[in-house]
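Engineer: Residue numbers (the UniProt record's numbering): 1 to 185.
Idealized CB from N, CA, C, for every residue including glycine.
Quick caveat: nothing in here was measured; it's all calculated off a predicted structure.
Let me begin by handing over the structure; questions about it come next.
So, in structure tokens, the structure goes:
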């Protein structure tokens, strides 16, 4: 049912992303998880293997921590290698057409810092435009990102609160996948 491309450079130390993945694994959903750090610690991503995984699923979830207003380097590299011309785009590049592109990530700082007057000056969704365009260019259905703020223990957020929010986050993903709808409120 769903492919999860997990791109966390420090997954073993993760609290939020690890909780999300654990909750998804406990669900009755048919999911395949590809942990990029485990599969490719040397960053030598095998395009064909990843493309075959993409072809097996209609729902593609990209799970990662929001790093420097974007995705971790390994996920960017994954896109560069896997979304090849004539696979993801181009005159014959329709292999991903109609599949759901679902960004799912965690944000370390507060929601209030991601406003026009906040510390970051922009809302999170404004940083997601490259993801949206990647989906459109690949003829995929872009699903609005599912994310939550306040995931950094180092910034003073409590572990119990982070875990609780991560469980709610996973419930949104499960609801989305079970419903087959294009958006979740």
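1) Closer than 7 Å by C-beta to residue 173: which residues in its own chain qualify, once you throw out the five before and the five after it? Chain order, please.
2) Answer with buried or exposed for residue 50, where buried requires no fewer than 16 other C-beta atoms within 10 angstroms of its C-beta.
3) Which runs of the alpha helix (DSSP H) spanning at least 4 residues fall entirely within the region 41-82, listed in chain order?
4) Roughly how far, in whole angstroms, is the beta-carbon of residue 138 from the beta-carbon of residue 88, given that I think they are within contact range, below 8 Å?
5) Cβ atoms of residue 7 and residue 64: under 7 Å apart, would you say?
6) In whole angstroms, what separates the C-alpha of residue 93 from that of residue 158?
7) In chain order, what residues of the same chain have a beta carbon less than 7 Å from the beta carbon of residue 185, not counting five sequence neighbours either side?
8) So what does residue 145 bridge to, in DSSP terms?
Structural biologist: So, from the data block:
1) As a position in the chain shown, residue 173 is number 173, starting the count at 1. The answer, listed in chain order, is 24, 61, 104 and 146.
2) For the purposes of this step, residue 50 is identified with residue 50 of the chain shown, where counting begins at 1. Burial call: buried.
3) 47-55 and 73-82
4) For the purposes of this step, residue 138 is taken as residue 138 along the chain shown, with counting starting at 1. For the purposes of this step, residue 88 is taken as residue 88 along the chain shown, with counting starting at 1. Contact flag correct, Cβ pair sits at about 4 Å.
5) Here residue 64 is taken as the residue at index 64 of the chain shown, counted from 1. Here residue 7 is taken as the residue at index 7 of the chain shown, counted from 1. Yes, the pair counts as a contact, with Cβ atoms nearer than the cut-off.
6) Position 93 of the chain shown, counted from the start, is the residue given in the question as residue 93. Position 158 of the chain shown, counted from the start, is the residue given in the question as residue 158. Rounded to whole angstroms, residue 93 to residue 158 spans 45 Å at the Cα level.
7) The count along the chain shown starts at 1 and reaches residue 185 at position 185. For residue 185, the predicted model reports a pLDDT of 37, less than 50, meaning its position is unreliable and no value from the coordinates is stated.
8) Locating residue 145 in the chain shown gives position 145, where the first residue counts as 1. According to DSSP, which records beta bridges pairwise, residue 145 is partnered with nothing at all.
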